[in-house]
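The numbers in this note's numbering rise by one with no breaks, and the one at position 38 of the sequence shown is 47. Note that the Cβ used here is the ideal one computed from N, Cα and C, for glycine as well. The structure presented is a predicted model; accordingly, all values stated were derived computationally and were not measured.
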Amino acid sequence: MTTKNLFKAALAGTLLSGIVSCDNSSSDPQASDYPDKIESITLLKATKSWDGTTYGSYPAGQPEISVLKIAVPPNSALDWHKHAVINAAYVEKGEIQIERKEDGKTQWVKRGQVLPEVVNTAHRGKTGDQGAILIVFYSGTTDLPITEPVH
10 MTTKNLFKAA
20 LAGTLLSGIV
30 SCDNSSSDPQ
40 ASDYPDKIES
50 ITLLKATKSW
60 DGTTYGSYPA
70 GQPEISVLKI
80 AVPPNSALDW
90 HKHAVINAAY
100 VEKGEIQIER
110 KEDGKTQWVK
120 RGQVLPEVVN
130 TAHRGKTGDQ
140 GAILIVFYSG
150 TTDLPITEPV
160 H
């Protein structure tokens with residue numbers, strides 16, 4: 010085999026192995042990601058927030074539900090804030106520590122877990138090396154802000 014033919018064979022082999030090993034997957038779930046039958050799993054059913062405080066009644070007014078996707082970079086802290094409405098955060102990726110301002114009480118929440126958040130209590134989230142992506146569901150009314158800063 011000549012040097013030229015050897016080079017062509019090596020190049021063809023390299024290209025072919027690159028094509029075969031290409032990862033054409035996407036973030037879309039594959040058929041194998043689904044169960045064989047319909048499933049419904051309760052991720053959270055709560056009458057109290059993570060710190061043990063019982064939820065009060067929903068506020069009067071036109072109901073409004075808001076769903077936010079919140080990305081918190083690694084080694085970051087959200088500003089202190091509070092929510093006037095009942096809400097729950099699902100950790101889609103990473104982990105986050107929730108800290109209550111009044112006494113420093115904390116709770117870690119990791120990927121796949123749901124946190125029933127505190128209402129009208131100053132708190133913040135802090136991430137470690139992983140960061141976090143949260144899906145947060147707020148059940149409020151059209152005239153109430155879902156988040157208010159606390160100084």
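Would you report the Cα separation of D152 and Q71, rounded to the nearest angstrom?
As a first step, residue 152 must be located in the sequence shown, where it is residue number 143. As a first step, residue 71 must be located in the sequence shown, where it is residue number 62. Taking the straight line from one Cα to the other gives about 8 angstroms.
Is the stretch 82–95 close to the stretch 128–141, with three or more CB pairs under 8 angstroms?
The answer is yes - the stretch 128–141 touches the stretch 82–95, with three or more Cβ pairs under 8 angstroms.
Quick one, which of A55, E111, H160, D42 has its alpha-carbon nearest N96's?
Numbered from 1 along the sequence shown, position 87 holds the residue referred to as residue 96. Among A55, E111, H160, D42, the Cα nearest to that of N96 is on A55.
Look up I47 in the DSSP assignment and give the residues it is bridged to.
In the sequence shown, the residue the question calls residue 47 occupies position 38. Note: I47 sits in no beta bridge, so no partner.
Can you list, in chain order, the residues of its chain whose CB lies under 8 angstroms from that of P158, leaving out five sequence neighbours each side?
In the sequence shown, counting from the first residue as 1, residue 158 sits at position 149. Within the same chain, P158 has close Cβ partners D88, W89, H90.
Determine the contact status of G125 and K57, defining contact as a CB-CB distance below 8 angstroms.
Residue numbering aside, residue 125 sits at position 116 when the sequence shown is read from its first letter. Residue numbering aside, residue 57 sits at position 48 when the sequence shown is read from its first letter. For the sequence presented, residue 125 should be read as Pro rather than Gly. Yes, the pair counts as a contact, with Cβ atoms nearer than the cut-off.
In terms of alpha-carbon separation, which member of D138, I144, V128 lies closest to T63?
Position 54 of the sequence shown holds residue 63. When each option's Cα is compared against that of T63, the closest is V128.
Taking DSSP as the reference, what is the three-state secondary structure of S58?
For this step, residue 58 is matched to residue 49 along the sequence shown. Coil at S58, not helix or strand.
Does S75 come out as helix, strand or coil in the three-state DSSP assignment?
Indexing the sequence shown from 1 puts residue 75 at position 66. S75 falls in the strand class under three-state DSSP.
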